[in-house]
Amino acid sequence: MDILIIGSGPAGISAALYAKRAGAEVTVLSRGSGALAKAEKIENYYGLAEPVSGAELEQNGIAGAKRLGVQFAEGEAVGLALNDDFTGLRVQTPVQAFEAKAVILAAGSTRLAPNIPGLKALEGKGVSYCAICDAFFYRKKTVAVLGEGEYALHEAEILQPHASKVLLFTNGKEPTAAVPEAFEVHTEKLAAVESETVNGMECVSGLRSEDGTVTPVQGVFVALGAAGSVDLARKIGAGVDNNRIVVDEQMATNVPGLYAAGDCAGGLLQVVKAAYEGALAGLAAAKYVRQNP
Numbered sequence: 015m016d017i018l019i020i021g022s023g024p025a026g027i028s029a030a031l032y033a034k035r036a037g038a039e040v041t042v043l044s045r046g047s048g049a050l051a052k053a054e055k056i057e058n059y060y061g062l063a064e065p066v067s068g069a070e071l072e073q074n075g076i077a078g079a080k081r082l083g084v085q086f087a088e089g090e091a092v093g094l095a096l097n098d099d100f101t102g103l104r105v106q107t108p109v110q111a112f113e114a115k116a117v118i119l120a121a122g123s124t125r126l127a128p129n130i131p132g133l134k135a136l137e138g139k140g141v142s143y144c145a146i147c148d149a150f151f152y153r154k155k156t157v158a159v160l161g162e163g164e165y166a167l168h169e170a171e172i173l174q175p176h177a178s179k180v181l182l183f184t185n186g187k188e189p190t191a192a193v194p195e196a197f198e199v200h201t202e203k204l205a206a207v208e209s210e211t212v213n214g215m216e217c218v219s220g221l222r223s224e225d226g227t228v229t230p231v232q233g234v235f236v237a238l239g240a241a242g243s244v245d246l247a248r249k250i251g252a253g254v255d256n257n258r259i260v261v262d263e264q265m266a267t268n269v270p271g272l273y274a275a276g277d278c279a280g281g282l283l284q285v286v287k288a289a290y291e292g293a294l295a296g297l298a299a300a301k302y303v304r305q306n307p
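For the sequence shown, the working numbering puts the final residue at 307, and the numbers step up evenly by one.
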């Protein structure tokens, strides 16, 4: 396909509309309703004479995109990488992979991190949010993945060829994904991330459960819930600053063919801003596809 858009909110649908009208073949990948659907009513948007619920506005946007011929697929994006011949991008879901000449990240901005003492302080010192970025540094070490769903399982599978042992910690929740026997599952609630000083540097040494048991690990990878746009951007090496994807004036990242729009790009978290950035990204991605047949 020409363009794959991850997210069906205002940014994603606006990008789809503009890219489709520019002549591109467009597919939107979505897990379902997003933050917009939770808004009780919206009355500060141009063209609305009366307040409208976020769910209705979202549904109207999707219906308009379908009317133009935009294709929709349901699934959870868990990985983003270059394809095998480096001519495009591949988006991985738990059940299949999508390849496109360009990808637009518009799945909002989420970075879930449990309130576990020591976790934030040890970011970059053994705590990571990207397995594909940092797996190499944990060769022959024991690492833990925090999470219970498909995203956590995907991160664990990336770590498996490198680490000597991969543990899955669900922090009190039951796994929502079918976890292979290769991964040891811990469902107990966590009380803290332990650390030690090695060669003058503080680093992760273990996870302490609420019952006081300490499980030795040298790395902790956070993969709660579903991967947001920022998480996916990190996996392919796109620039991220203060939990927002770095883009230029055309919503392009530093990775050729990769664009981002909406809340994940930072700034005003409003529908009007997301729709504007989606339009820019859709037009820019369509132009990129034409110039790189």
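Cβ coordinates follow ideal geometry from the N, Cα and C atoms, glycine included.
Apply the 10 Å Cβ neighbour rule to residue 91 and answer buried if 16 or more other Cβ atoms are within range, or exposed otherwise. Residue environment for residue 91: buried (at least 16 other C-beta atoms within 10 angstroms of its C-beta).
Residue 273 by DSSP, collapsed to three states: which one? Looking at residue 273 - three-state DSSP - the assignment turns out to be strand.
Straight-line Cα distance separating residue 242 from residue 34: So the alpha carbons of these two residues sit roughly 24 Å apart.
Which residues DSSP lists as bridging residue 93, in chain order: According to DSSP, residue 93 bridges with 106.
Does at least one heavy atom of the ligand NAP sit under 7 Å from the Cβ of residue 106? No copy of the ligand NAP appears in this structure; indeed no ligand is present at all.
Just tell me which of 285, 270 and 60 has its CA closest to the CA of residue 276. Comparing Cα positions, the closest option is 285.
If you compare alpha carbons, which of 104, 67 and 121 is closest to residue 112? Nearest in C-alpha terms to residue 112, of all of 104, 67 and 121, is 104.
Could you check where the beta strand (DSSP E) with residue 206 kicks off and where it finishes? Annotation for residue 206: the continuous beta strand (DSSP E) segment containing it runs 204-212.
Please classify residue 115 as buried or exposed, where buried requires at least 16 neighbouring CB atoms within 10 angstroms. The residue in question, residue 115, is buried, as its Cβ has 16 or more Cβ neighbours within 10 Å.
Beta-carbon separation (whole angstroms), residue 163 vs residue 239, contact threshold 8 Å: Contact between residue 163 and residue 239 holds, since their C-beta atoms are separated by about 7 Å, short of 8 Å.
What are the boundary residues of the alpha helix (DSSP H) that includes residue 111? Residue 111 -> not in any alpha helix (DSSP H); beta strand (DSSP E) instead, spanning 111-114.
Cβ-based burial, residue 246 [other Cβ within 10 Å; buried from 16]: Buried is the call here.
Mapping DSSP to helix, strand and coil, what is residue 145? Correct three-state label for residue 145: helix.
How would you call residue 282, buried or exposed, if buried means at least 16 neighbouring beta carbons within 10 angstroms? Around the beta carbon of residue 282, fewer than 16 other beta carbons sit within 10 angstroms, so the residue counts as exposed.
Can you tell me which of 263, 224 and 220 puts its alpha carbon nearest to the alpha carbon of residue 234? Residue 234 has its Cα closest to that of 220, out of 263, 224 and 220.
Rounded straight-line distance, which links the Cα of residue 253 to that of residue 209: Their Cα atoms are separated by approximately 29 Å.
Per-residue DSSP class, three states only, for residue 99: Of the three classes helix, strand and coil, the one that applies to residue 99 here is coil, per DSSP.
So within the stretch 173-204, which uninterrupted alpha helix (DSSP H) runs reach at least 4 residues, ignoring any that extend past its ends? Taking only runs of at least 4 residues, no alpha helix (DSSP H) segment lies wholly in the stretch 173-204.
Sort out for me which residues DSSP pairs residue 76 with in a bridge. Under DSSP, residue 76 forms no beta bridge with any residue.
Check the DSSP bridge columns for residue 255 and list the partner residues they point to. Bridge partners of residue 255: 258.
By a C-beta neighbour count over all protein chains shown, 10 Å radius and 16 as the cutoff for buried, is residue 199 buried or exposed? Exposed, because fewer than 16 other Cβ atoms sit within 10 Å of the Cβ of residue 199.
Three or more C-beta pairs closer than 8 Å, one from the stretch 35-52 and one from the stretch 62-71: is that the case here? Segments in contact, yes.
State the Cα-Cα distance for the pair residue 196 and residue 160, rounded to the nearest angstrom. Residue 196 and residue 160 have their C-alpha atoms some 16 Å from each other.
For residue 296 and residue 32, believed in contact at Cβ under 8 Å, the rounded distance: Contact flag correct, Cβ pair sits at about 3 Å.
Whose CA, out of 231, 215, 202 and 216, lies closest to the CA of residue 224? Comparing C-alpha distances from residue 224 to each of 231, 215, 202 and 216 shows the shortest one belongs to 202.
Relative to the C-alpha of residue 147, which residue among 170, 128 and 135 is closest? It is 170 whose Cα lies nearest to the Cα of residue 147.
Using the beta-carbon count (16 or more within 10 Å), is residue 110 buried or exposed? Exposed, by the Cβ-count rule.
Might you give, ordered along the chain, the residues of its own chain that have their beta carbon closer than 6 Å to the beta carbon of residue 121, omitting 5 neighbours on each side? The beta carbon of residue 121 sits closer than 6 Å to the beta carbons of 20, 21, 242 and 243 from its chain, once the five residues preceding and following it are set aside; these are given in chain order.
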